[in-house]
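S.K.: Encoded as structure tokens, here's the structure I'll be asking about.
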Amino acid sequence: MRVNSVFIFTVIFSSVVTAISVEWAWKNEPSKVLSTRGMGGSNNGIVSNKTYRASEVHTLRNGSATFAKENKDDLPENQMKRFIETLRVYVNVTSFDHILFKTHIGKLRKELREIGKSVHKITSVDQPSDQFKVVKNMFEVMVNSVENLEYFGSKDFTGCDLIYKVIELNVRITVLFNTHGALDFDFDGYLDQILLLHRNLFMWKAHFKKLTGVPLNKRFMFNRQANHADKTLEALVSYISLSDISR
Numbered sequence: 072m073r074v075n076s077v078f079i080f081t082v083i084f085s086s087v088v089t090a091i092s093v094e095w096a097w098k099n100e101p102s103k104v105l106s107t108r109g110m111g112g113s114n115n116g117i118v119s120n121k122t123y124r125a126s127e128v129h130t131l132r133n134g135s136a137t138f139a140k141e142n143k144d145d146l147p148e149n150q151m152k153r154f155i156e157t158l159r160v161y162v163n164v165t166s167f168d169h170i171l172f173k174t175h176i177g178k179l180r181k182e183l184r185e186i187g188k189s190v191h192k193i194t195s196v197d198q199p200s201d202q203f204k205v206v207k208n209m210f211e212v213m214v215n216s217v218e219n220l221e222y223f224g225s226k227d228f229t230g231c232d233l234i235y236k237v238i239e240l241n242v243r244i245t246v247l248f249n250t251h252g253a254l255d256f257d258f259d260g261y262l263d264q265i266l267l268l269h270r271n272l273f274m275w276k277a278h279f280k281k282l283t284g285v286p287l288n289k290r291f292m293f294n295r296q297a298n299h300a301d302k303t304l305e306a307l308v309s310y311i312s313l314s315d316i317s318r
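Each residue of the sequence shown is one higher than the last, beginning at 72 in our numbering.
What follows is the structure in structure tokens.
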């Protein structure tokens with residue numbers, strides 16, 4: 072049985088899940104949750120990330136990426152799944168390593184083009200084509216965030232730190248989807264992660280609302296990003312059932 076997002080979050084917060092999810096990060100790594108800039112540098116904590124599974128396509132070692140050779144006989148659907156796993160390598164529990172990601176955009180874009188060619192070669196293109204659009208959109212969300220993260224990460228006007236973090240939060244939300252544009256139930260700790268994302272967003276929205284002296288265009292930027300995060304989280308939660316919570 073599917074229930075609405077408000078009820079889901081209420082149940083989550085009142086269950087044992089709460090104790091084993093956000094509170095661990097809250098008590099043991101508060102600096103990561105509350106830091107004013109997010110990454111602040113390349114490859115900060117990515118390798119030791121235990122919530123996001125390591126990619127089968129490439130792994131990170133000492134800030135560099137080792138890309139696997141393409142399997143020419145691989146099905147496009149498998150290629151797309153692995154590409155999403157690749158994108159997740161740049162994201163951990165609390166942040167997105169946009170600095171490292173930026174250095175690999177060209178390689179990733181080339182890889183995505185090759186996947187697109189494989190998709191168009193198959194006879195029944197409807198479903199794989201829709202899946203490819205989802206994967207491409209996920210990649211573009213990450214690419215488009217880089218410039219904004221660089222900008223807001225280098226400024227110090229009132230509220231810029233929260234704008235940075237909500238942009239980053241949208242990337243963290245995006246990688247929770249699978250190739251069908253639904254919540255990826257194979258994602259390790261997906262319920263804990265959704266709860267953490269929701270709590271982060273709630274806290275940052277409340278804090279931003281109290282700020283004075285924020286430029287009007289920057290306030291609009293925050294609200295637009297926060298509203299998008301709200302809607303995307305709601306979409307993810309719509310896939311969760313009460314049985315998922317009680318596991």
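For glycine and all other residues, C-beta sits at the position ideal for the given N, C-alpha and C.
Values in this document were obtained by computation on a predicted structure and should not be read as measured data.
Let's see if you can read the secondary structure: which residues bound the alpha helix (DSSP H) around LEU304?
M.R.: Taken as a continuous stretch (DSSP letters only), the alpha helix (DSSP H) holding LEU304 covers 287-308.
S.K.: Taking the alpha-carbon positions, what's the GLU218 to SER166 distance?
M.R.: Using only the alpha carbons, I get a separation of about 16 Å.
S.K.: In this structure, how does DSSP classify PHE258 when only helix, strand and coil are distinguished?
M.R.: Correct three-state label for PHE258: coil.
S.K.: What's the gap between the Cα of PHE210 and the Cα of LEU179?
M.R.: PHE210 and LEU179: Cα-Cα distance of roughly 9 Å.
S.K.: Taking the straight line between their C-alpha atoms, what separation do you get for LYS281 and TRP275?
M.R.: Spanning the two alpha carbons is a distance of roughly 10 Å.
S.K.: Which residues in the same chain have their Cβ closer than 7 Å to the Cβ of TYR123, if we skip the five residues on either side of it in sequence?
M.R.: At TYR123 the pLDDT is 45, less than 50, meaning the model places this residue with poor confidence and gives no usable figure here.
S.K.: Please classify TYR222: is it buried, with 16 or more other beta-carbons within 10 angstroms of its beta-carbon, or exposed?
M.R.: The residue in question, TYR222, is exposed, as its Cβ has fewer than 16 Cβ neighbours within 10 Å.
S.K.: Compute the Euclidean distance between the alpha carbons of ARG184 and TYR235, then round it to the nearest angstrom.
M.R.: Cα-Cα distance, rounded: 30 Å.
S.K.: Buried or exposed for GLU295, please, with buried defined as at least 16 other CB atoms from any protein chain shown within 10 angstroms of its CB.
M.R.: Contrary to the premise, residue 295 reads as Arg rather than Glu in this sequence. Exposed is the call here.
S.K.: For THR345, is the classification buried or exposed, using 16 other Cβ atoms within 10 angstroms of its Cβ as the cut-off for buried?
M.R.: The shown model of the chain, from 72 to 318, leaves out residue 345, and the question about it has no answer.
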